[in-house]
Every structure is written in structure tokens, then in C-alpha cells.
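**Q**
In the numbering used here, the protein residues as written are 35 to 399.
(1) So residue 315 and residue 166 are supposed to be a Cβ contact under 8 Å. How far apart are they, rounded?
(2) Compare the C-alpha of residue 144 against each of 352, 223, 86 and 323 and name the closest.
(3) Closest to residue 155 by C-alpha separation, out of 76, 117 and 267, would be which residue?
(4) Would you check if the distance between the CB atom of residue 212 and the CB atom of residue 357 is smaller than 8 Å?
(5) Between the Cα of residue 352 and the Cα atoms of 334, 338 and 371, which residue gives the shortest distance?
(6) Within its chain, find whatever has a CB closer than 8 Å to the CB of residue 421; leave out the 5 residues flanking it on each side and keep chain order.
(7) Using the Cα positions of residue 75 and residue 111, report the straight-line distance between them to the nearest angstrom.
(8) Which stretch, first to last residue, makes up the beta strand (DSSP E) that contains residue 82?
(9) I need the boundaries of the alpha helix (DSSP H) containing residue 240, first residue and last residue.
(10) Quick one: using the 10 Å Cβ neighbour count with 16 as the cut-off for buried, is residue 354 buried or exposed?
(11) Would you please state the rounded distance, in angstroms, between the beta carbons of residue 249 and residue 280? I believe it to be under 8 Å.
(12) By the three-class DSSP mapping on this structure, what secondary structure does residue 168 have?
(13) Taking the alpha-carbon positions, what's the residue 102 to residue 186 distance?
(14) Could you give the distance in angstroms between the alpha-carbon of residue 122 and the alpha-carbon of residue 292?
(15) Could you name each continuous beta strand (DSSP E) segment of 3 residues or more that falls completely within the region 42–116, going from the start of the chain to the end?
Given below as C-alpha cells:
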């Protein structure tokens with residue numbers, strides 16, 4: 035059964051009268067609509083939360099509310115202008131519960147609503163300029179949450195846990211449901227030969243040397259809003275905000291942004307780690323984050339850049355062995371091509387690691 039959108043909207047304490055409801059954007063996870071009101075009242079964004087991916091909706095919304103409230107209080111204390119365009123605002127229900135989501139039991143659907151940010155745009159192109167903006171914005175996002183006193187939950191448990199991802203791969207190899215393990219021996223040998231070094235983060239954390247911080251965990255260039263002059267307004271898409279190593283925000287951006295081809299490009303010889311993107315993103319990130327980063331976090335930034343293509347190769351290969359049950363594929367070898375692509379990027383990062391270390395050292399001098 036499909037939810038009645040007007041009925042859902044009526045559950046939220048919005049201002050004004052609804053004029054129109056139209057689909058917004060092309061998100062792959064959640065269904066999103068723009069709710070336009072009559073006159074000068076705010077417009078809104080209505081979103082159906084994919085509770086098959088985010089299974090703890092209560093925890094998810096509690097995370098987002100804690101983060102946005104903390105950032106808003108900081109902006110107010112700083113005397114910042116135009117605050118409503120610099121942090122997302124979620125609309126509570128009309129029932130007085132204070133909740134920012136509604137569960138439609140008839141359709142088994144969870145909904146939330148936020149205030150639409152006017153005169154704002156997102157960017158899609160990954161350039162040195164946009165990468166520098168990304169680095170600066172996501173570093174500032176982390177910096178603003180260093181002193182948050184709320185206990186956040188993992189909206190996707192073990193999302194960036196490398197030990198867990200390798201465990202999944204080993205389980206896939208042992209089960210070998212489609213008889214594909216024999217054909218990917220070279221890929222498995224490559225992956226497992228680096229397993230010890232790539233699980234360094236988990237060991238450092240257990241030893242008490244590496245903290246978990248509140249991170250965005252989905253640092254794409256289109257997860258920021260810009261004003262018409264090109265200035266960053268705020269970070270958006272907060273579903274994956276959770277405790278993690280800062281490597282998540284740093285490495286995940288570079289995995290997608292600094293690959294000179296798409297992650298499923300079969301032209302493996304064209305896969306290359308783009309050092310221009312790396313330098314721009316790192317420059318912006320350290321500008322806003324170095325004030326709180328520990329030496330162990332800074333010295334392992336090149337490790338973070340290698341970690342995420344490695345992790346994605348592990349996930350693609352596990353899915354290929356399992357019979358392509360998680361990632362959508364366009365042809366039978368799609369996940370294997372993705373694996374080759376990400377392994378090539380991983381090795382390109384390793385080749386560039388000395389130059390990366392030199393650049394980071396120069397930024398801190």
C-alpha cells in the first residue's frame with residue numbers, strides 16, 4: 035500500500051498551506067519530495083526513510099537531531115548570520131511527542147520532513163576547487179562536533195569496519211555458493227596479502243591510540259549545499275553520521291573523487307589516483323581539521339586513502355563470490371570488474387604514498 039502524501043504531510047507541524055508536492059532529486063536510498071507552500075511561508079522537503087538499510091530509525095533520527103541541534107547552538111553562540119541556511123532543520127510531529135519522524139503502519143513506511151533551504155545548489159563535478167571546498171567543509175563539520183555530549187549510535191553497524199568486511203569475504207570464500215572462488219584466486223591472494231596492514235585502524239582503536247569521532251561517513255561533493263556565489267552553506271545527507279574513525283570522511287571522498295575513471299570502468303589501465311584532487315582535498319581538510327586531529331590520525335591519512343578502495347574491492351569481490359546478491363549488476367562480471375578497478379586504485383594509492391606523506395608534512399610545517 036502506498037502512503038498518501040498529503041496525509042503524511044499533515045502529521046508534521048509545518049507552517050502555511052501546501053500548494054504542490056513534487057519529486058525532488060535522484061537519490062538512490064530514500065524517496066524525496068519538495069513540498070511547496072503558498073505565499074511566503076517556508077517550503078519543505080518530505081522524505082521516506084529506507085528502513086531496510088537504516089533499520090534503527092529512532093536511533094537514526096536521534097543522531098541527526100543531536101548533530102543539527104549542536105551545530106545550530108554553535109552558530110548562534112558565534113553570532114552567525116543566515117543560520118537557517120547553514121544547518122538542516124527537521125520538523126516535529128503535530129502530536130507533541132517531539133519526534134521528527136512518522137511511521138505509517140498501513141504502508142510500513144517511515145517519513146521525516148525538513149525545511150527547504152532556498153537559493154542553494156549542490157555540485158556534481160569533482161574538480162580541485164570543489165574538492166578543496168569539500169575538504170574544508172567536512173573538516174569543519176567534524177571540528178564542530180568534537181565536543182558534542184550526545185551519545186550517537188551506528189546507523190549502519192560495522193559500516194566501515196575493515197575486520198568485519200574481511201570476515202564477510204572469508205565467509206563467502208568458505209561457502210562458495212556459485213563455485214566462483216577458483217577463478218578469483220589471484221584477487222583473493224592480493225587482498226589477503228594486505229589484510230594485516232589494512233586492519234590497522236581497528237587495532238589502534240583497541241590499543242586506545244585511535245579515537246572514534248562523529249563523522250559524516252558519506253563525503254561526496256554533492257552532499258554539500260552552496261549559495262549562489264559558490265560559498266558552502268552546510269553539509270547535508272546526514273543519515274550516515276555516526277561514530278567512526280576520521281579515515282571514513284577522508285578516505286571515502288578520495289576513493290570516488292580521486293579515481294580518474296568510474297569505479298566500474300573495465301579499462302583498468304586507465305585507473306589512477308589523481309594527486310591534484312588529493313592535494314586540493316587534503317589542503318582544505320587540514321585547514322579546518324588540524325586543530326583537533328591527533329598525530330596518529332594525521333600520519334595515517336595516506337593509509338585512509340588506501341583503505342577505502344581496498345575495502346570496496348573486498349565488498350565487491352565478496353558479492354561476486356556470493357552470486358551478486360547486494361550490488362546491482364548490469365552484466366555477469368560487473369562485480370568482478372569493479373573489484374579489479376578498486377584493486378588497481380588501491381595499488382595506485384600505495385605507489386603515491388611517499389608523495390602524499392611529503393605533501394601532508396608540508397601542510398603542517
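The beta carbon of each residue, even a glycine, is placed where N, CA and C say it ideally should be.
**A** Reading off the structure:
(1) By 1-based counting over the chain shown, the position of residue 315 is 281. By 1-based counting over the chain shown, the position of residue 166 is 132. Rounded, the Cβ-Cβ distance is 7 Å, consistent with contact.
(2) Residue numbering aside, residue 144 sits at position 110 when the chain shown is read from its first letter. Taking only the C-alpha atoms, the option nearest residue 144 is 86.
(3) Locating residue 155 in the chain shown gives position 121, where the first residue counts as 1. Measuring from the Cα of residue 155, the nearest candidate turns out to be 267.
(4) Taking the chain shown and counting its residues from 1, the one referred to as residue 212 is at position 178. Taking the chain shown and counting its residues from 1, the one referred to as residue 357 is at position 323. A contact, by the Cβ cut-off of 8 Å.
(5) Locating residue 352 in the chain shown gives position 318, counting from the first residue. The option with the nearest alpha carbon to residue 352 is 371.
(6) Limits of the chain in this structure are 35 at one end and 399 at the other, which puts residue 421 out of reach.
(7) On the chain shown, residue 75 is found 41 positions in, with the first residue counted as 1. On the chain shown, residue 111 is found 77 positions in, with the first residue counted as 1. Approximately 26 Å between the Cα atoms of the pair.
(8) Numbered from 1 along the chain shown, position 48 holds the residue referred to as residue 82. Element bounds for residue 82: 78–83.
(9) Within the chain shown, residue 240 is the residue found at index 206, counting from 1. First-last of the alpha helix (DSSP H) with residue 240: 234–240.
(10) The sequence position of residue 354 within the chain shown is 320, counting from 1. Burial call: buried.
(11) Working through the chain shown from its first residue, we reach residue 249 at position 215. Working through the chain shown from its first residue, we reach residue 280 at position 246. Going by Cβ atoms, the distance from residue 249 to residue 280 rounds to 6 Å, so yes, they are a contact pair.
(12) Against the chain shown, residue 168 aligns to sequence position 134. In this structure, residue 168 counts as helix in the three-state DSSP scheme.
(13) Sequence index remark: in the chain shown, residue 102 carries index 68 (1-based). Sequence index remark: in the chain shown, residue 186 carries index 152 (1-based). Cα to Cα, the separation comes out at about 12 Å.
(14) In the chain shown, residue 122 corresponds to position 88, counting from 1. In the chain shown, residue 292 corresponds to position 258, counting from 1. C-alpha separation (whole angstroms): 28 Å.
(15) 52–57, 65–71 and 78–83
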